[in-house]
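Enquirer:
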Amino acid sequence: LKLSPFIAEYGNKNAISDCGVGINLLYSAMKGAYYNVLINLVSLKDEEFKKEKKEKSISLLKEGEKLLKELEEKVFLRIS
Numbered sequence: 001l002k003l004s005p006f007i008a009e010y011g012n013k014n015a016i017s018d019c020g021v022g023i024n025l026l027y028s029a030m031k032g033a034y035y036n037v038l039i040n041l042v043s044l045k046d047e048e049f050k051k052e053k054k055e056k057s058i059s060l061l062k063e064g065e066k067l068l069k070e071l072e073e074k075v076f077l078r079i080s
């Protein structure tokens with residue numbers, strides 16, 4: 001997602017909808033990875049490690065969500 005702003009802003013306007021789809025797919029992949037982390041943390045015993053990894057994954061997901069919103073805004077501006 002971090003590499004997508006350039007494409008959203010300067011990419012071929014005829015392919016901007018593809019960029020919109022792509023950023024949503026990337027975010028979906030992030031969410032899938034987040035779910036994977038959560039399910040795998042359940043089986044671990046080290047509570048401190050679990051807490052640390054859960055917090056980190058939440059932080060990354062929030063960062064991804066923020067990027068997604070910013071990128072969607074750029075895509076919508078270019079489409080309209």
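Read in order, the letters of the sequence shown are residues 1 to 80 in full-length UniProt numbering. Glycine included, every Cβ here is placed at the ideal spot set by N, Cα and C. Please read these numbers as outputs of a predicted model, since none were measured by experiment.
1) How long is the line joining the alpha carbons of residue 48 and residue 25, rounded to whole angstroms?
2) Would you please state the rounded distance, in angstroms, between the beta carbons of residue 5 and residue 68? I believe it to be under 8 Å.
3) Ends of the alpha helix (DSSP H) at residue 43?
4) Under 7 Å Cβ to Cβ from residue 58, same chain only, skipping five residues before and after it: list those, please.
5) To test your reading of the DSSP string, which unbroken alpha helix (DSSP H) runs of 4 or more residues are found completely within the stretch 4-39?
6) Confirm, please, whether the CB-CB distance from residue 1 to residue 16 is below 8 Å.
Expert: With the structure as the only source:
1) Between residue 48 and residue 25, the C-alpha separation is close to 32 Å.
2) About 11 Å separates the two Cβ atoms, so there is no contact after all.
3) Looking at the DSSP string, residue 43 is not in any alpha helix (DSSP H), and its letter there is neither H nor E.
4) Closer than 7 Å at the Cβ level, and outside the excluded window around residue 58, lies no residue.
5) 4-10
6) no
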